[in-house]
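Protein chains in written order, with this note's numbering: chain C, 1 to 481; chain U, 1001 to 1262. Cβ atoms here follow ideal geometry from the backbone N, Cα and C, with glycine treated the same way. Worksheet: one structure, shown below.
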Amino acid sequence: MKANDLVDLAARNLRESLLRNSLTTLGIAVGVASLVAMLSLGIGLQQLADRRLARSGLFDTIVVTSRRSLRVFDRADNRDGAPPAESRPLDENARVEMARLPNVLEAVPDLHFMAEVRYEGKPHLTMVAGLPLSARDRDAFENMQGRFFTSDAADEAILQIQFADELLGIRPKLGESSSMLNGQTQTLIGKELTLRYAERVASPAASGSKSVPAEGGGGAGDRSSALQDARQPSLMAAFSVVARERKLRIVAVTDQDPEGMRGVAGARMFIQLQMVENLHVMLPSGLRGNEVDLSNAPAYPSLSVRVKSPNRVESVQDAIRKMGFNTFSILDATRSLQRFFAVLDLFLGIFGSLALAVAALGIVNTLVMAILERRREIGIMKAIGASDGDVKKLFLAEAAVMGFLGGTLGVALGWVIGRLINAGANFYLRRQNLPPENLWAVPWWLVGGAIAFAIVISMISGIYPAARAAKLDPVQALRYE
Amino acid sequence: MREKSTPAGTIRTEVVCRHFQMGDSVIRAVDGISLEVGAGEFVALLGSSGSGKSSLLNLIAGLDRPTSGVVIVNGHNLAEMSSEELSRYRRHSVGMVFQAFNLVGTMTLLENVELPMRFAEVERGQRLALAREALQRVGLGARVTHRPSQLSGGEQQRAAFARALANRPSLLLADEPTGNLDSHTGNEILDLLHECNEQLGMTLVLVTHERSLAERYAERLVFLADGKVVGDQANVPAFERVAAGGSSEGTPGTQTQEGERR
Chain C
1 MKANDLVDLA
11 ARNLRESLLR
21 NSLTTLGIAV
31 GVASLVAMLS
41 LGIGLQQLAD
51 RRLARSGLFD
61 TIVVTSRRSL
71 RVFDRADNRD
81 GAPPAESRPL
91 DENARVEMAR
101 LPNVLEAVPD
111 LHFMAEVRYE
121 GKPHLTMVAG
131 LPLSARDRDA
141 FENMQGRFFT
151 SDAADEAILQ
161 IQFADELLGI
171 RPKLGESSSM
181 LNGQTQTLIG
191 KELTLRYAER
201 VASPAASGSK
211 SVPAEGGGGA
221 GDRSSALQDA
231 RQPSLMAAFS
241 VVARERKLRI
251 VAVTDQDPEG
261 MRGVAGARMF
271 IQLQMVENLH
281 VMLPSGLRGN
291 EVDLSNAPAY
301 PSLSVRVKSP
311 NRVESVQDAI
321 RKMGFNTFSI
331 LDATRSLQRF
341 FAVLDLFLGI
351 FGSLALAVAA
361 LGIVNTLVMA
371 ILERRREIGI
381 MKAIGASDGD
391 VKKLFLAEAA
401 VMGFLGGTLG
411 VALGWVIGRL
421 INAGANFYLR
431 RQNLPPENLW
441 AVPWWLVGGA
451 IAFAIVISMI
461 SGIYPAARAA
471 KLDPVQALRY
481 E
Chain U
1001 MREKSTPAGT
1011 IRTEVVCRHF
1021 QMGDSVIRAV
1031 DGISLEVGAG
1041 EFVALLGSSG
1051 SGKSSLLNLI
1061 AGLDRPTSGV
1071 VIVNGHNLAE
1081 MSSEELSRYR
1091 RHSVGMVFQA
1101 FNLVGTMTLL
1111 ENVELPMRFA
1121 EVERGQRLAL
1131 AREALQRVGL
1141 GARVTHRPSQ
1151 LSGGEQQRAA
1161 FARALANRPS
1171 LLLADEPTGN
1181 LDSHTGNEIL
1191 DLLHECNEQL
1201 GMTLVLVTHE
1211 RSLAERYAER
1221 LVFLADGKVV
1231 GDQANVPAFE
1241 RVAAGGSSEG
1251 TPGTQTQEGE
1261 RR
């Protein structure tokens, strides 16, 4: 029998015992719905985590430090290569070189410095960090009040919420909602504050003569700690420090830490990275012995290299290490996270499939009953020329049609259930003063996969009844009343 | 579809046996029957119930397999066919009419007549046209969308007859086709069968226990008892004796039949 005839005939047979077949189909639908709801939740959570991680800038970022640096991430793979004192300084040339590596989006220096901030006459001491314009996409700025920097040279500042509270003279107790929620910080935006900082001015006489022994003095056996003590006095004379002031406009307040886990934690005020470089601020790292460069283009304490996607991190990391720098990334953490979600999806899938397994038994039951009921019909079909294969295929087609209908209905039902769970979760989140999240996703492959799965399960359930129907002896079946 | 091979519609059985195991005893439903039926012949198998006539018909129809012996139809030995080949044989070469009509109750008449053509993979449009035409021919053109339960016994049997002819078989097998009908309607059905035999040249095997009926239509009477052939005689149909092509309604034979049927 032709396939379309088969499906046609199967569908009309199913219409005959409408109630029973609808109930069986509904059983499949419930099974598929639970599967879809579970998996869509798992997938949704995974997507949420991926989204968060991607925007946190943690997993596509490599932190590069000089081998000379004291901030060495003491990892086995960082120990090979040139001895620390002879390795390359982490300067602008190195930065440009890294930025040109394949798959690298950008390489930005991590610049932090302590400064005094005056607001309404009162001094506040805080750590200030430079932010590149590309940081705009990070999730720390997702729910901030105000706006991001307008240009890379704007005299603008973004405040971290604790610092904003300090400027306003508020000391929120633990557990109390901060000023951000009751709108007090809104009053800060647009106000001006004064940044007082130390500018590093190189003295031309010293930089020419002293820099040579400084570079060459780092002999093979020298250790950085020893060098630091030995050189400190002579280097102090190489530059002078001048106190400067700069007026900045507050453009935004964020309640999250824009730096995440990177860099020196604790920066509470952020200004444009380009501005930090233009200011020639005396960086705390600039005082450390072997990092001190006497030119006006100082070495960076560390660089953040952003890579196109997390799976490129490893190759870029290798390339940077070959250039002679230490690298660090949290790539391994993502791997275990992915494994976690695979296991979570598996478990959710298994739970979801339980209902489908019950539904499969329903199909077996329905079709076995149908054989008893339609014994005579099967006999007639065989007498007028149906082969065993035709009868078998007909029963399988009926199972498949039920699977298809149940699967389609189930996906729709699962979609609704997922929606409800999501709505419920967001209701809860809002009650907890948290921003709403999309915990739930139904990708197209899940829709197609669930329907196909329902059809396959139904047909597997139909194999036994179909084989039994096909084996029916027509003479016996026709005698049956 | 007519068989293209020369012996289309010929049946030959050679000491064919069909035994059923019933507990310890063996029932010899068909016990060594050798029979030859020529193409286009109208043969009646007569015998009391349990004589083995239906079992023999099932063997010829390819619904059942012989315990021993051979059944050769259209030159092919049914005993050697695979179940797939047997179903193809039933589909294309055999049309069957039963005492219980055996229409599928959940389908309309049109769908019932269409069903064998579905198995034969006739294209849908053509199938519908042929089924409609066949129902028209048996006088049910206005009732194609009715279900069997909405029809009288005679109408159901006529629909079953239309279905049997759907794939143009070379062999028409009728198993007590009038058993559930009153004599008048039964005669109408047999008229249809006879017409088929005459006009389309189909070989017709009629199983019945009513001798008068057989004598009125069949060219040859084969008597069975206990699974064996006990008599085989040529017969001049009463039909032809009374009037050529006329209807049998008014013939005295009708009355006799009525008496025979309890």
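Where does residue i sit, in a helix, a strand or coil, going by DSSP?
i	result
U:His1019	strand
C:Arg88	coil
C:Ser240	strand
U:Glu1155	helix
U:Glu1036	strand
U:Ile1011	strand
C:Arg479	helix
C:Ser17	coil
U:Val1144	coil
U:Ala1166	coil
C:Tyr119	strand
U:Asn1058	helix
U:Val1104	coil
C:Tyr464	helix
C:Val281	strand
U:Gly1047	coil
U:Gln1126	helix
C:Gln432	coil
Starting from residue i, follow its DSSP beta bridges and name the residues at the other end.
i	result
U:Leu1232	Correcting the residue identity first, residue 1232 of chain U is Asp in this sequence and not Leu. Answer is U:Val1222, bridged to U:Asp1232.
U:Val1026	U:Gln1021
U:Ala1174	U:Val1097, U:Leu1206
C:His112	C:Ala129
C:Gly146	C:Ala252
U:Arg1090	Partner(s): none; U:Arg1090 has no beta bridge.
C:Gln272	C:Leu131
U:Leu1109	Paired residue(s): none; U:Leu1109 is not in a bridge.
What's the gap between the Cα of residue i and the Cα of residue j?
i	j	result
C:Ala33	C:Gly410	4 angstroms
C:Leu478	C:Ser353	40 angstroms
C:Pro435	C:Thr254	14 angstroms
U:Val1138	U:Ala1131	11 angstroms
U:Met1202	U:Leu1171	6 angstroms
C:Tyr464	U:Leu1063	23 angstroms
C:Leu48	U:Gly1125	54 angstroms
U:Thr1106	U:Arg1147	7 angstroms
U:Val1230	U:Asp1031	12 angstroms
C:Gln476	C:Leu14	24 angstroms
U:Leu1103	C:Gly379	11 angstroms
C:Gln162	C:Arg268	7 angstroms
C:Leu26	C:Ile457	14 angstroms
U:Val1071	U:Lys1053	15 angstroms
C:Tyr119	C:Gln274	23 angstroms
U:Ser1025	U:Met1096	31 angstroms
C:Glu529	C:Gln160	Only positions 1 to 481 of chain C appear in this structure, which leaves residue 529 of chain C out of reach.
C:Arg376	U:Leu1165	21 angstroms
Count the other C-beta atoms from every protein chain shown that fall within 10 angstroms of the C-beta of residue i, then say buried if there are 16 or more, exposed otherwise.
i	result
U:Thr1145	exposed
U:Arg1018	buried
C:Leu361	exposed
C:Thr518	Absent from the structure is residue 518 of chain C, since the part of chain C shown begins at 1 and ends at 481.
U:Ala1160	buried
U:Glu1080	exposed
U:Gln1136	exposed
U:Asn1074	buried
U:Glu1195	exposed
C:Ser40	buried
C:Pro310	buried
C:Phe427	exposed
C:Ala452	exposed
C:Thr150	exposed
C:Gly121	exposed
Taking a cut of 7 angstroms between CB atoms, which residues from the segment 1110-1121 of chain U lie near chain C? Those would be Leu1115, Pro1116, Arg1118, Phe1119, Ala1120, Glu1121, in chain order.
Please name the residues in the segment 1053-1064 of chain U whose beta-carbon is closer than 8 angstroms to at least one beta-carbon of chain A, in chain order. In the displayed structure, chain A is absent; the protein chains listed are C and U.
Below 7 angstroms between beta carbons is the criterion; list the residues of the segment 1197-1214 of chain U that meet it against any residue of chain C, in chain order. Those residues of the segment 1197-1214 of chain U that come within reach of chain C (Cβ to Cβ, closer than 7 angstroms) do not exist; the list is empty.
Select from the segment 12-26 of chain C all residues with a C-beta closer than 7 angstroms to any C-beta belonging to chain U, and list them in chain order. Correct list: Glu16.
Could you please tell me which residues of the segment 392-419 of chain C, in chain order, have their CB closer than 8 angstroms to any CB of chain U? Cβ proximity to chain U below 8 angstroms picks out nothing from the segment 392-419 of chain C.
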